[in-house]
Every structure is written in C-alpha cells, then in structure tokens.
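Asker: This is the structure I have questions about; it appears just below.
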Amino acid sequence: MVTNAQGRVVADWPLLPGRTGLDTAELDYFQSVQRTLAPHVSRPIIGRASGDELVLMLVPRYSERGEFAGVVAGMLNLSQGGLFRRLEAMQLGDDGYIQVMSASGDPLFRSNRYPDVDHGLDDNHDESDLYSATLELALDGWEGEAILPGVDGESALMSYRQIRPANWVVKVAIPQAQVQKPLAHFLTRLWWAWLALAMLLLMTMHGLVKRLLAPLHRLKRQIAEVGAGERQYLELSTSMRELRQVASSFNRLEHERLAALQHLRDRQAFLDAVLGSTPVGMFVGDLRGHIDYLNPALLELLGLEVTHTARDWWERIHPDDRAGTQDMWRHTVATGNDFVRQLRFLHPDGVTLWVEVHASQVMGNDQPLGFVGMVKDITERRQQEALQRWEAEHDPLTGLLNRRGFERRLEEALAEYAKTDTPSVLILFDLDHFKPINDEGGHALGDEMLRRIAQVVAWEVRRSDHVARQGGDEFAVLLPSCTLKQASEIAESLRRAVTEISVTHADKVYNITLSMGVTALEEKDNSIEEVLARADQASYQAKANGRNTIVIAPARER
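Counting from 646, one number per residue, gives the positions in the sequence shown under our numbering.
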C-alpha cells in the first residue's frame, strides 16, 4: 500500500477494491511515521477494505527534494499470512506452546497447542493470571524466564523475548516436568559414574600427590621467606630438575626486581625534585582517575595543605562547575583523551580563582601509566575578558546597553517569539527640548541629564526588561513577555517620571519630555529592522502630534 503526503492511499498490491482512495491521515500508524520519519510497526487492526485482521509495517517515502511524500506499507494478514508458519510447525513437548503478542497485549499468533481451560498451561483462565506481574513486565520490555503454576497445579516454565524493532513479545511455555525429566535422568547416571570415578582417582592420587608435593611445600616456604625479607634467594635441594629450574628462574627475577626497584626509587627521587622545584602547578593521577600527587606550586596556588585529600580538591571546585568537570574527567579516564577545561576554584581566603587545567595520559611501552596535568591561574585574564565583553555592549556614559547589545537582545526576543509566540514590546523615544541643554549648559550638563534619565528609566521598568541608549538622545526599552496593554501603562509611567527630571544652569531650570513610539512584535516581522522602523515611525508621529505623547504603532494585517 502506498499513500501520499496527506495520507490518501494512491496504490496497493495486490489490488483490493475499495482500498485505493482510503484516508489514513487520522490513523495513529500514519501519524507516527509522519511525525518521526522512522519505520513503524502498527498494532493489529481490522482492514477497512479487506475486513481481515492486519499488522502494517510502514516506512516513510520522500520526494525528489527530500520532503515527506507519504508512506509505503506492507500488510501482514494475521489469519491467512505465512509469517508464523514455522512457529506453528514447532513441537515443544506434549503440551508446550508459543504465543506472539504486541507490546500492548494484542494477540498476533497462538500455536495450535495453545491451552484451553482444561489444560494445565492456561494463563488466561481468570483475571489475576491474565494481568499477572510477569506478563505486565514482559509487555513493558522485560525479557526472561519465570515458573508459574497452571490450572491443575503443575508448574510451567515460561520464557519471554522481545522483538524490539516490531515492538512484539514472544512467549514460550513448557510444563516444568517435561523440561526437567531428561535432565533428571542424565544427572542421575552422571552422578553414579562420577562417584565411582572419583573414588578410584582419590585412592590412586593420594599417595602420588603426597610424594610429589613435598619439594613444592619447601619451595612455598622459601618463597614466603623471600617475600618477608627473611632470605634473599631460594636454596632448594631436590632431584626434580623442573623445580631446580623454577628456583633458578625465581632467583634471577628477584635479582632483577631488586635492581629495578632501586632504579625506580632513584627516578622517583629525581621526579620529586623536579616537580617540587617547578613554578608551574602540576598534579599526577592514576589510571582510575585518583589524584595521587600535587606539587608545592599547585598547593600554594589553590591554598591546599599536603594533608588534603583528592576529595578536598573536588569540593573546592565551584558548585556550578563541579558536575561538568567531574563528567569530563571521567570521560578522560575512560578514553585517554586530553582533559582541557577552565573552571572556578574556591580559595580558602574566600577568593574565587579562575584556573585552566590541562591533563594528558602518560604512556610507557605503548601502555597507559597514568595522568599528569598542569594548572594555570587565569583569573586576571578572565576578568579582563569579562570587562571587554561588558564594554562592547554597554554605553560608557549611562551604563545602559548600547545599540549593539540592545539589537542582540531584540534578535533573541524575535527568535523566541517565532518559536513560542512569547509576546514582547519595543518602546523607542527621543528627548524633547534636549538641544537647548547642550547648547546653553554645555555637554557636561547634557551628559548629567542623560545619566539621570537612564537612572529613572531603569528604575521604572522590570528587572527582566532591557534599556538602551541608542545614541545621542535616543533611548529604547525592550519588554519581554509583555502585552501591548501592559507596555502602554509602562510607557505612560516613564513619560510622567521623566517630566519630573530637571537640571539647573545659571539659575535656569531645564526639563524635558518624551516622544514615545510603541510597537509589539508581530508574526510578519522577519528582522529587527522592521520592528525598529515601526517603533521609530511611531516616535516621529508622537513628535508631530505635539511631543510629550505616546503613539502605539497599529498592528499590520495578517
């Protein structure tokens, strides 16, 4: 069966009258493929054209442009199809049977030996068995075996397996007595044979082993003495050439071990001296990721003592950075990849340090030996970067957002509106009568007026709103999650508050008013320039209406 993108059947084979033209758009199997673009196996359904019980196996099909163009579905007739023919032919003892069902509990196949109420393997004879805990677990995805009582009291072994691509469950049931009967006969015969053989072997081996193990016991005692430091080498007197070779090889290996141990002590002393004298903070970890060593420079940088444990190190990491750092360190330990991360560290003096950690896996003879890492203090660099980021988006005179910072937030609001329909409102306003302040009082007086206006506007709006000085005497306010009615009230409160601001020069008091343009984000807005232009036009209209007024831009037709 083939459908188009709207779910209408356009072709089927073999041809069945009434199937072509059927609408499947509202059926769950079509909607599932349309939504996920993934293959889907439906629950058992009754075909509207054939009247038979069917299971559909569907895959999406695509147009030449890669768009969803419908589905291709294969139909499995549960009553006439041959899918389960091999299962029907299988014989599981005298009373065993096979059942296939969907994950929702709909039966797909039952073998001819499926029991009725007169047989001992029926698991459908009452309400409690039908919805037993084992069946519910299997329908939820569990696989395994269980032993359950039948109607006649005889236990049955039931096994459940999942066919996950089709979301089916296969159940096999065999009476427990039939399962265990061959095994019981075999185990009985095996037990008697093993018992006879064991008795014979015990009698034969007892004397032989006792005689052969005497030199081995002496070898064991001497090896224990070497391990305890009570002797340096083995001295074994025996006629067994193999044991003499073992003792000779052991003595040679012990000599090499002592030499290697001394060499390692020398290299460890040298490494400790190097790490202790370097000014760079360094640490060493084992293959499990445990921090074994921190050099003096790192202890001093982080304010830790030699007695501090690795747990103290992790607990000093800033809570916001700790989980991510631990996950990344576990990934490094598991894969051997380099660990590079910048994080905050809480110094005992109460100072928060920014540090950069770089750790690499150490290899020896192509085998991983552990990890070594360096820690660098980047606090000053991070502070400088934060200051530069702030200055890039803020007006130095008023501390408000500048045009760049404001436009970025307006773009974010427009994207959020397109995605979730979250309403936002933009207010633009110019200062009326500001030019005389600059001309008569100078730029210092004008700057003071701008700072006061910025303080009042920031105080009047919500903390979640964004206020910006666009340039000169032009200001903007972005009100996220705000309706046009609420924005009108906020604009009116701003207008009234700003009219009360004044500056004085040469005994002359200067006041200003606002010409405000208000507009809401709309569905047709494709860029922030459209929103800004609409609010700017409303602001010009406010000036034309006599200033000290608010003009709300009319909504465009949808």
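No residue lacks a Cβ here, since even glycine has one placed at the ideal position from N, Cα and C. Values in this document were obtained by computation on a predicted structure and should not be read as measured data.
Is the beta carbon of Gly926 less than 8 Å from the beta carbon of Asp937?
Answerer: no
Asker: Could you work out which residue in Gln821, Arg680, Arg664, Ser677 is closest to Phe740 when comparing CA atoms only?
Answerer: The amino acid occupying residue 740 in the given sequence is Asp; Phe does not appear at that position. Ranking the options by Cα distance to Asp740, first place goes to Gln821.
Asker: Roughly how many angstroms lie between the CA atoms of Ile620 and Ser747, to the nearest whole one?
Answerer: The structure shown does not extend to residue 620, since the chain is modelled only from 646 to 1203, so the question has no answer here.
Asker: Work out the CA separation of Val1070 and Ser1184 for me, nearest whole Å.
Answerer: 14 Å
Asker: How would you label Asp768, buried or exposed, when you count the other beta carbons within 10 angstroms and need 16 or more for buried?
Answerer: Reliability fails at Asp768, whose pLDDT of 46 lies under 50, so the model's placement of it is uncertain and no value is given.
Asker: Is Ala656 helix, strand or coil when you go by DSSP?
Answerer: strand
Asker: Please return the same chain residues whose Cβ sits closer than 7 Å to the Cβ of Lys1153, not counting the five positions on each side in sequence.
Answerer: none
Asker: Suppose only complete runs of 4+ residues qualify. What are the alpha helix (DSSP H) ranges in the segment 988-1043, listed by chain order?
Answerer: Inside the segment 988-1043, DSSP marks whole alpha helix (DSSP H) runs of 4 or more residues at positions 1024-1037, from first to last along the chain.
Asker: Using the Cα positions of Leu1129 and Thr1164, report the straight-line distance between them to the nearest angstrom.
Answerer: Taking the straight line joining both Cα atoms gives about 8 Å.
Asker: Looking only at its chain, what residues have a beta carbon closer than 8 Å to the beta carbon of Leu946, apart from the 5 residues adjacent to it on each side?
Answerer: Gly926, Leu998, Val1000, Val1020, Asp1022
Asker: In chain order, what residues of the same chain have a beta carbon less than 7 Å from the beta carbon of Asn722, not counting five sequence neighbours either side?
Answerer: Asp697, Leu699
Asker: Which residues bound the alpha helix (DSSP H) around Leu939?
Answerer: Not the alpha helix (DSSP H): Leu939 falls in the beta strand (DSSP E), residues 936-939.
Asker: Look up Asp785 in the DSSP assignment and say whether it is helix, strand or coil.
Answerer: coil
Asker: Would you mind listing the beta strand (DSSP E) stretches within the segment 812-856 that are 3+ residues and don't spill past its ends, in chain order?
Answerer: 813-820
Asker: Going along the chain, which residues of its own chain have a beta-carbon closer than 6 Å to the beta-carbon of Ser708, five neighbours each way excluded?
Answerer: Ala714
Asker: On the three-state DSSP scale, how would you describe Glu799?
Answerer: coil
Asker: Could you check the C-alpha separation between His1078 and Ser1160 for me, to the nearest Å?
Answerer: Note on geometry: alpha-carbon atoms of His1078 and Ser1160 lie some 11 Å from one another.
Asker: Below 8 Å between beta carbons: does that hold for Val1122 and Ile1072?
Answerer: yes
Asker: Can you tell me whether Gly874 is helix, strand or coil according to DSSP?
Answerer: coil
Asker: Evaluate the contact criterion for the segment 881-895 versus the segment 857-865: three or more CB pairs, one atom per stretch, below 8 Å.
Answerer: yes
Asker: Between the Cα of Leu1055 and those of Val686, Ala650, Leu909, Val1112, spot the shortest distance and give me the residue it belongs to.
Answerer: When only C-alpha atoms are compared, the closest one is Val1112.
Asker: Between Ile1195 and Glu1137, how many whole angstroms is the CB-CB distance? I'm expecting something under 8 Å.
Answerer: Sure, about 6 Å apart at Cβ, within 8 Å.
Asker: Taking 6 Å as the limit between beta carbons, can you name the residues of its chain near Val655, skipping five residues before and five after?
Answerer: Val647, Asn649
Asker: In the structure shown, what three-state DSSP assignment does Ser1184 receive?
Answerer: Reduced to three states, the DSSP call for Ser1184 is helix.
Asker: At the level of alpha carbons, what is the spacing between Glu671 and Pro689?
Answerer: Answer to the nearest angstrom: the Cα atoms are 16 Å apart.
Asker: Considering only the beta carbon of each residue, do Thr665 and Asp657 sit closer than 8 Å?
Answerer: yes
Asker: Who are Gln807's beta bridge partners in DSSP?
Answerer: Answer is Val814, bridged to Gln807.
Asker: My understanding is that Leu701 touches Ser687, with C-beta atoms under 8 Å, so please give their C-beta distance in whole angstroms.
Answerer: 4 Å
Asker: Using DSSP with H/G/I as helix, E/B as strand and the rest coil, what is Asp957?
Answerer: helix
Asker: Would Tyr1155 and Gly1086 be called neighbours here (beta carbons separated by less than 8 Å)?
Answerer: yes
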